[in-house]
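Heads up, the thing below is written out as structure tokens.
As structure tokens, then:
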């Protein structure tokens, strides 16, 4: 079942205000765990690739929710 425009807008807001901060904290904890305390830090390019990968991973499954949310309501008359 497809979500209505209004439902997609609401879910997009929930994802941005609740889900994204939780995901950012989770990614920060994972990166801190990967580098470890006192261990040699990961090379800069490896860290950059991990952050880019994590940045894409959160958005790909949610692209249908965000698609067209900034446009005018297509169900509205007139």
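Numbering (this note's numbering), first residue to last: -1 to 76.
Every residue, glycine too, gets a C-beta built ideally from N, C-alpha and C.
Report yes if the C-beta distance between residue i and residue j is below 8 Å; otherwise report no.
i          : j          : result
residue 72 : residue 3  : yes
residue 6  : residue 67 : yes
residue 48 : residue 29 : yes
Within 10 angstroms of the Cβ of residue i, are there 16 or more other Cβ atoms? Answer buried if so, exposed if not.
i          : result
residue 63 : buried
Check for me: the alpha helix (DSSP H) holding residue i runs from which residue to which?
i          : result
residue 5  : 3 to 12
residue 19 : 18 to 33
residue 58 : Here residue 58 belongs to no alpha helix (DSSP H), and DSSP marks it neither H nor E.
So residue i and residue j are in contact, right, with Cβ under 8 Å, and what is the actual spacing, rounded?
i          : j          : result
residue 41 : residue 33 : That pair is no contact at about 11 Å.
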